[in-house]
Amino acid sequence: MFGSVKCTPCCGEVKTAFSPLLLRDIDSRIFPTRYQSKPVEPTLQGGVVIKTARLTSVLTLAVLFLGGMALAQTDPGVQSGNRGTGAALSSVTSNSPSGILSFFTDGQARFEELETVSGGNNVGLGPRFNSNQCSSCHAQPAIGGTGPASNPQFQFTSDGVAPGNTMPSFITANGPTREARFPFYFNSNGSVNTSNPNGGVEDLFTVTGRTDAGTCSSSTALPQPSFAAAIAANNIIFRIPTPVFGAGLIENLDDSTLLNNQVHNLNNNFGISGTFNHNGNDGTISRFGWKAQNKSLHIFAGEAYNVEMGITNELFPNERPLPGEDGGGGTGEAGLVSTCLNLSGNGYPEDTSNPAASPNSAVLDDVSAFANFMRFLAPPPTGGVVLNGSSVSAATISAGSSLFNSIGCAVCHNPTPGTTQPSNFTSSLGKAPVNAFSDIEIHNMGNGLADNVSQGSAGGGQFRTAPLWGLGQRIFLLHDGRTTNLVNAIQDHASNGSEASYVEEEFFNLSTTQQQEILDFLRSL
Amino acid sequence: MRSRFWCCFMALVVCSWMRAWGQSSKAQNASTNGGDFSNNVQPLSKVPAGVLLVKGAWASASDSVTPLPEGGSVANHVFTNQYFGMTYPLPADWIEKYKGPPPSDSGRYVLAQLSPGEAFKGADRGTILITAEDMLFTPLPAENALDLVKFSSQHLQADYKVEMPPTPTKIAERPFTFFAYWSPIAQLHWYVLATEVRCHAIKIVLSSRDTKLLENLTLDLNNMKLPAEANPTAGMGGGDVPVCIKDYAENIISRVDPVFGERHFNPAPVRIIIDKEGKVKHIHFLSAFPDQAKAISDALGQWKFKPYRANGKPVEVETGIMFGRPASPVRRAGANAATE
């Protein structure tokens, strides 16, 4: 294949024969030739030297090019083999320090717990929610990942999770698990007010109709947001779950490492220049979420528990109204109705630490346990790739990796943005390379991907460089899961205002074979 | 007096009636639940598709007349940038497919990115990228365009091979530095041509698998028009445009600090033009939140500098000031914009 032909006579000659001494002033109409073995060939214009490659080289290239053209590039698709994703870090697996493994397993168990509104061990769900279980959305290819092939949300109106609800049209049986946001508030007459940015999560479901929802079970107590109206007004965007494998390593990258990496990244000829999102409290670089809006895994877990499941906790202790029912929209509502508060009957926060519990891991509140689980998950291992039923060679994957670097993808999707600082948790988190394929910076991604949602320093067109480790086994791609095809995802990197348009162009300037090698490489991650 | 009373009274009645009527009219169109719970699927207005409305930190300026670095455009098949005094007739069959991103908070501009259009007949395609690096703000260890290209050539990643180290040349009768490298695995070649205008390193990056195409594109660049100051080591403005001077903010006579209402953590690089009397004539925010820009504008309007003189005559001067945190902690000492 073309990409594996690295040292043909043609290529070798190109590499070695370009003499700086041949460069003259370009305005004097003399151009450098890199083929010393080829005599200078003046053109009819007089003096412009146009190099001609050897016939063999041209023929070789032509054959290879046409060979590449014969087969369009194809996303190998989701790789099904068991790569061992979802395991704990090696030092955690070996229970070093003593007891840490139980924190991981306990966190994982809680990550998989089904939450209820009231009347059980895991109460506090709602009154609004997107799901009732962390692992229902973070499931692919293992617990801690991203959305699964079969969308559990699609069953909620029929399986008793959200019986009194209408299924939003954008939640489908085999589509991505999603959360929805309205970029702008609506006025009281239903028109969109583009001068009033919203961007908060509009939970898809309510506890309406649930037998454990008490006074909030009534069909009139808590309406769902009008997703149909939002779609009609083009005032809705979606986000899919981010996988959290290896997240503890990202968390443990020191700011100085990221800042130095940023300067290193600036030395590019692709027009790329990213920046960072920051935590509003201490000003340090935040790094989790599609816009790097969350500082730590603890914050990430606490926010998700409250926003995605409606469970108040030690970090977010208050029940959350929707943005439009909190005085910001046109409804005039001032918070959740009283009949939908304290549905667990236990008071707030609904998730707390458990001082009298045993063993040690059980003392933690759920949010801390979730954070530990995510923190101690190993990075997703790379693996082999099967394309159209055949295994892709290691040489092809390697070529794809080099091509990925060469055309500029790696400026943002940095294979290794740095090495972690020492860890006080466990040895595997310390002094470890973070092969995340992300610079953790936020970049302008253009009008084609922009969602008009601002979070922290990130504007409506900026997104964190999505870490690509584990990409080989992801089903839904980009922040809203709009595609399952890597080629489409690459194409969507280009639009007006995107830092990646030039690199996207470079991708499609490659031969079809080379493009295929990059796709194969990406599915090996 | 009485007639005036009745006049006011009647006006109030009419006004109140109209207001009530207006509400009634709105109510007829409103759904049973307003706001986010509206059931109106026949929207009164739509969010325009593909338009960025919530911008975050962004570029802006104190007036809409003074040319800006990011203000270039392609029209009638010619790229024109008034700020840099640059015009470039696009090669035949080449187009600007996408506009570049906004200026970055490290001072990088994508002025134009060009690619072959549908009518392009070549076997291998290519790209033309024109960027500008504000040398008053760049965190890279470079004093000028030549330094920048040298740094780039000396720090190429392992996947690239140098074809031509930085070498002096001329484009459109202006001094440039030329640097070429390629990727053996990708069979892609990059030609980088750089000069400096108004303390910005202008880089023209051509890339393709087809070196003949690249050479033709390079020769085609001779159709550009550039200001006389263009020079890889000495593009310092002057003539019809202000002289640009690093660290000129040190020549301040009086100043007030901006009062920021909200705490941000982003770098806010600002270029200013100081008039012949030492007052701030023009402010260009490369990247700032609107509230930052407002606070900085309010402050800069009260700053007074020592007027700059060239050949004994006062001239306008352009300089840079970094408000907020720098884009990076790695900066060369004593050779960059003042940091506030």
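Chains E and C, in that order, are what the protein sequence lines are.
With our numbering, letter number 429 in the first sequence gets 429, and the count goes up by one each step, no holes.
With our numbering, letter number 203 in the second sequence gets 1203, and the count goes up by one each step, no holes.
Positions of the beta carbon are idealized from the N, C-alpha and C atoms, including for glycine.
Cβ-based burial, residue i [other Cβ within 10 Å; buried from 16]
| i | result |
| --- | --- |
| residue 477(E) | buried |
| residue 518(E) | buried |
| residue 99(E) | exposed |
| residue 1155(C) | exposed |
| residue 1240(C) | exposed |
| residue 114(E) | exposed |
| residue 140(E) | buried |
| residue 291(E) | buried |
| residue 513(E) | buried |
| residue 1077(C) | exposed |
| residue 383(E) | buried |
| residue 1048(C) | exposed |
C-alpha distance - residue i paired with residue j, whole-angstrom precision
| i | j | result |
| --- | --- | --- |
| residue 337(E) | residue 182(E) | 21 Å |
| residue 469(E) | residue 176(E) | 19 Å |
| residue 416(E) | residue 159(E) | 44 Å |
| residue 187(E) | residue 193(E) | 6 Å |
| residue 144(E) | residue 1132(C) | 42 Å |
| residue 278(E) | residue 413(E) | 20 Å |
| residue 154(E) | residue 171(E) | 6 Å |
| residue 1321(C) | residue 1060(C) | 15 Å |
| residue 1093(C) | residue 1243(C) | 37 Å |
| residue 350(E) | residue 268(E) | 49 Å |
| residue 1206(C) | residue 374(E) | 44 Å |
| residue 977(C) | residue 1052(C) | Residue 977(C) is absent from the structure shown; chain C starts at 1001 and stops at 1340. |
| residue 1068(C) | residue 521(E) | 42 Å |
| residue 1148(C) | residue 1236(C) | 16 Å |
| residue 1273(C) | residue 1249(C) | 11 Å |
| residue 138(E) | residue 372(E) | 15 Å |
| residue 19(E) | residue 1164(C) | For residue 19(E), the predicted model reports a pLDDT of 37, less than 50, meaning its position is unreliable; a value from the coordinates is still stated below. Between residue 19(E) and residue 1164(C), the C-alpha separation is close to 7 Å. |
| residue 1041(C) | residue 168(E) | 14 Å |
| residue 49(E) | residue 1121(C) | Note that residue 49(E) scores a pLDDT of 29, beneath 50, so its modelled location is shaky; the value from the coordinates is reported in the next line. If I take the Cα positions, the gap works out to 22 Å. |
| residue 408(E) | residue 191(E) | 43 Å |
| residue 1258(C) | residue 466(E) | 36 Å |
| residue 1036(C) | residue 237(E) | 14 Å |
| residue 1044(C) | residue 225(E) | 17 Å |
| residue 161(E) | residue 116(E) | 9 Å |
| residue 474(E) | residue 455(E) | 25 Å |
| residue 1050(C) | residue 365(E) | 43 Å |
| residue 439(E) | residue 421(E) | 16 Å |
Residue j beta carbon less than 9 Å from that of residue i
| i | j | result |
| --- | --- | --- |
| residue 1062(C) | residue 1282(C) | yes |
| residue 1082(C) | residue 1071(C) | yes |
| residue 227(E) | residue 204(E) | yes |
| residue 310(E) | residue 125(E) | yes |
| residue 324(E) | residue 202(E) | yes |
| residue 461(E) | residue 447(E) | yes |
| residue 502(E) | residue 240(E) | no |
| residue 211(E) | residue 128(E) | no |
| residue 287(E) | residue 314(E) | no |
| residue 1188(C) | residue 1178(C) | no |
| residue 296(E) | residue 378(E) | no |
| residue 79(E) | residue 386(E) | yes |
| residue 489(E) | residue 445(E) | no |
Residue i in three-state terms, based on DSSP
| i | result |
| --- | --- |
| residue 243(E) | coil |
| residue 405(E) | helix |
| residue 1343(C) | With chain C represented from 1001 up to 1340, any question about residue 1343(C) goes unanswered, as that position is not in the structure. |
| residue 170(E) | coil |
| residue 113(E) | coil |
| residue 1206(C) | strand |
| residue 195(E) | strand |
| residue 205(E) | strand |
| residue 69(E) | Bear in mind that a pLDDT of 42 at residue 69(E), under 50, signals an unreliable position, so the model cannot answer this. |
| residue 1316(C) | coil |
| residue 1212(C) | helix |
Whole beta strand (DSSP E) runs in the segment 1074-1138 of chain C with 3 or more residues, listed along the chain?
Along the length of the segment 1074-1138 of chain C, whole beta strand (DSSP E) runs at least 3 residues long occupy 1078-1081, 1086-1089, 1108-1116, 1126-1134, reported in chain order.
Residue ranges of each alpha helix (DSSP H) within the segment 297-373 of chain E, 4 or longer:
297-307, 360-363
If you scan the segment 425-481 of chain E from start to end, which runs of the beta strand (DSSP E) of 3 or more residues do you find wholly inside it?
442-444, 462-464
Runs of beta strand (DSSP E) lying entirely within the segment 1165-1196 of chain C, each at least 3 residues, in chain order:
1174-1183
Within the segment 83-146 of chain E, note down every full alpha helix (DSSP H) run reaching 4 residues or more, in order along the chain.
90-93, 100-111, 134-137
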